[in-house]
Amino acid sequence: MRSSTPKSPVGRYRKIAILIGVLLFLAALFGNIIGLSSGEGIGFGQIFMALSGILIVLAGAFGGKFVSGYRSVAIMILNTIILLAFLEFSALILIKTIGIENIHQVNQREQIQNRDVRESGLMFPDQDYHPYVMWRSAPVNLPLMNVNQSGIRLTYWVPRIEGTRIFALGGSAMWGWMVPDSSTIPSCLQKEINSIPGFEASVTNLAQNAWVSTQEVTELMLRLRSGDIPDLLIFYNGANDIFASFENGRAGMIIGNRSIAGRLSAQEDQSVTSPDGFILFLRSTNIFMLMDYLIGVDPEVTAPNVRFVAAAPCFDDPEFDMTPLAGATAALYLENYRIVAALSKEYGFQFYFFLQPLLCFKTDASRAARELLETEDERFLDFLGITYSMILDQRDDYPRLIPVQEFIDSEEMDIFIDLCHLNALGNEKVAAWIAEYLYAGLVVTSCDTMIIQ
Numbered sequence: 001m002r003s004s005t006p007k008s009p010v011g012r013y014r015k016i017a018i019l020i021g022v023l024l025f026l027a028a029l030f031g032n033i034i035g036l037s038s039g040e041g042i043g044f045g046q047i048f049m050a051l052s053g054i055l056i057v058l059a060g061a062f063g064g065k066f067v068s069g070y071r072s073v074a075i076m077i078l079n080t081i082i083l084l085a086f087l088e089f090s091a092l093i094l095i096k097t098i099g100i101e102n103i104h105q106v107n108q109r110e111q112i113q114n115r116d117v118r119e120s121g122l123m124f125p126d127q128d129y130h131p132y133v134m135w136r137s138a139p140v141n142l143p144l145m146n147v148n149q150s151g152i153r154l155t156y157w158v159p160r161i162e163g164t165r166i167f168a169l170g171g172s173a174m175w176g177w178m179v180p181d182s183s184t185i186p187s188c189l190q191k192e193i194n195s196i197p198g199f200e201a202s203v204t205n206l207a208q209n210a211w212v213s214t215q216e217v218t219e220l221m222l223r224l225r226s227g228d229i230p231d232l233l234i235f236y237n238g239a240n241d242i243f244a245s246f247e248n249g250r251a252g253m254i255i256g257n258r259s260i261a262g263r264l265s266a267q268e269d270q271s272v273t274s275p276d277g278f279i280l281f282l283r284s285t286n287i288f289m290l291m292d293y294l295i296g297v298d299p300e301v302t303a304p305n306v307r308f309v310a311a312a313p314c315f316d317d318p319e320f321d322m323t324p325l326a327g328a329t330a331a332l333y334l335e336n337y338r339i340v341a342a343l344s345k346e347y348g349f350q351f352y353f354f355l356q357p358l359l360c361f362k363t364d365a366s367r368a369a370r371e372l373l374e375t376e377d378e379r380f381l382d383f384l385g386i387t388y389s390m391i392l393d394q395r396d397d398y399p400r401l402i403p404v405q406e407f408i409d410s411e412e413m414d415i416f417i418d419l420c421h422l423n424a425l426g427n428e429k430v431a432a433w434i435a436e437y438l439y440a441g442l443v444v445t446s447c448d449t450m451i452i453q
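With the working numbering applied, the sequence shown covers 1 to 453.
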């Protein structure tokens, strides 16, 4: 009889290893389906499981040969890491010696900021988190632009004497996008008020870049709650509410809501496992910075997409009717007006909502202005027109809602920087017009102090 050779336990273990490796790889591959992933996309845990599975499969398939091969590969990887670490440290020493760390920033936004400061003395500041309102401007200390630690921009020509306290609220158009402190609407308004005999008032610029009207009302409530009560509130807004609705496909959202929500729900992975995250990681190394300097790459990067807002996916549907969304946006904006009206009665201040002008509505736009509009999404311009019309159709019910477009249309010169921002001359003219409008509602008290009715 032929004796049977017992099966080698080593072969059995190798098969078990291959099976375990395959299971680990499949678990990593379908991690999102079976609940092993904390969010969309592939995370570090899944990558680790997949690599472990592959290594176990290779170990089971090649046995002893895998061990020797693994040892060789491990030595090569270790030597590569040591070499890269040495090069990274050497690059850091050279960067510090040459002094280029402030010339070639690793962040494109910082490069744009540096370029803007060099060319105009101005910049679009970063934003710091603030409770409830989401953000305020980060502190800035430049000759032409100053923002304090509370995120409040400097207003020029504010008198030291006590008088009527005026708060200016709005988005970047009121804040003063790319104009000096002295040329913001609040500063220009302060200058105009100072020229009115007997009218003693101080203007505070509480506007913030990219704020919608709900953030402005929230800021007002926070100040009222702390006892900081103005005599007069001036809102100069409207556009950002529409921008946010177009971007999100829903009314009542903030600008950038999808991006913020994505970060909070781990839907936007900015780790090195994502393409964007890996590129950012490479650009953050001293080796990349040094190479960038040595080959002479121009740090004067171009500005991002010139369009104000990217359309929400719903606008890509040919059957999508933007009218209900425009109606909801207008309704929320006017509801914020009513909230401010109710607060004004409770706290005893006066207010005006100045509906800011837009380039796309200017009846006699110049050729240069029309060229600016050609870069915008036609659906966006249509959405702006529908929403503004819905707001203005209800103007009779909101007596303190004042459209500025009618005044802008009477100006023949080009005063728009872009779709919604005015240059320094435009801000001066709007501020003078607002001051004249306010002056028409002034009365003199027994103390000969001008008070807004």
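Every residue, glycine too, gets a C-beta built ideally from N, C-alpha and C. For clarity, every value in this text was computed on a predicted model and none was experimentally measured.
Measure the C-alpha to C-alpha separation of residue i and residue j and round it to an integer number of angstroms.
i: I242; j: E376; result: 14 Å
i: F30; j: V57; result: 18 Å
i: D247; j: I386; result: The sequence shown places Glu at residue 247, rather than the Asp named in the question. Answer to the nearest angstrom: the Cα atoms are 16 Å apart.
i: L189; j: S213; result: 21 Å
i: M289; j: K96; result: 12 Å
i: Q127; j: M145; result: 15 Å
i: A74; j: L94; result: 30 Å
i: S366; j: E411; result: 12 Å
i: L438; j: F199; result: 11 Å
i: A28; j: S284; result: 29 Å
i: V147; j: S137; result: 7 Å
i: I77; j: S68; result: 14 Å
i: T302; j: G171; result: Here T302 scores only 45 on pLDDT, less than 50, and its place in the model is too uncertain to base an answer on.
i: R250; j: S344; result: 29 Å
i: I103; j: L142; result: Because I103 sits at a pLDDT of 45, beneath the cut-off of 50, its placement in the model cannot be relied upon, and the following sentence gives the value as read from the coordinates. For I103 and L142, the distance between alpha carbons rounds to 18 Å.
i: A435; j: H130; result: 31 Å
i: W211; j: I47; result: 40 Å
i: I402; j: F353; result: 6 Å
i: A424; j: R370; result: 20 Å
i: S182; j: D317; result: 45 Å
i: A432; j: N194; result: 11 Å
i: T80; j: A207; result: 52 Å
i: P399; j: Y337; result: 10 Å
i: R225; j: R153; result: 22 Å
i: V430; j: H421; result: 12 Å
i: S259; j: F25; result: 31 Å
i: N257; j: E216; result: 16 Å
i: V117; j: A173; result: 19 Å
Please classify residue i: does DSSP put it in a helix, a strand, or coil?
i: M454; result: Outside the shown range of the chain, which is 1 to 453, sits residue 454, and nothing can be said about it.
i: H104; result: Only weak support is given to the placement of H104: the predicted model assigns it a pLDDT of 46, under 50, and the question is left unresolved by the model.
i: A435; result: helix
i: M134; result: strand
i: R14; result: helix
i: G170; result: strand
i: F235; result: strand
i: R160; result: coil
i: R153; result: strand
i: F315; result: helix
i: I20; result: helix
i: L122; result: coil
i: A310; result: coil
i: R258; result: helix
i: M178; result: coil
i: M289; result: helix
i: T184; result: coil
Are residue i and residue j touching if we call contact CB-CB under 7 Å?
i: T164; j: S187; result: no
i: G238; j: L334; result: no
i: I287; j: L87; result: yes
i: F315; j: R379; result: yes
i: N205; j: A261; result: no
i: E192; j: V133; result: no
i: F122; j: M49; result: Note that residue 122 corresponds to Leu in the displayed sequence, not to Phe. No, these two residues do not count as a Cβ contact at 7 Å.
i: F361; j: Q405; result: yes
i: I185; j: N427; result: yes
i: V203; j: I229; result: no
i: F349; j: D231; result: yes
i: A17; j: A59; result: yes
i: A311; j: M390; result: no
i: F416; j: L359; result: yes
i: D409; j: T363; result: yes
Chain D beta carbons: is any one of them nearer than 7 Å to that of residue i?
i: V147; result: The structure shown has no chain D; it contains just one protein chain.
Just grab the DSSP bridge partners of residue i for me.
i: R165; result: S202
i: Q190; result: Q190 pairs with nothing; no bridge assigned.
i: N146; result: N141
i: D128; result: R136
Mind pulling the beta strand (DSSP E) runs of 3 or more residues that sit fully within the segment 193-225? Those beta strand (DSSP E) runs which fall completely within the segment 193-225 and span 3+ residues are 201-205.
Length at least 3, wholly inside the segment 360-428: the beta strand (DSSP E) runs in chain order: 401-403
Which whole runs of the beta strand (DSSP E) in the segment 329-358 are 3 residues long or more, in chain order? 350-355
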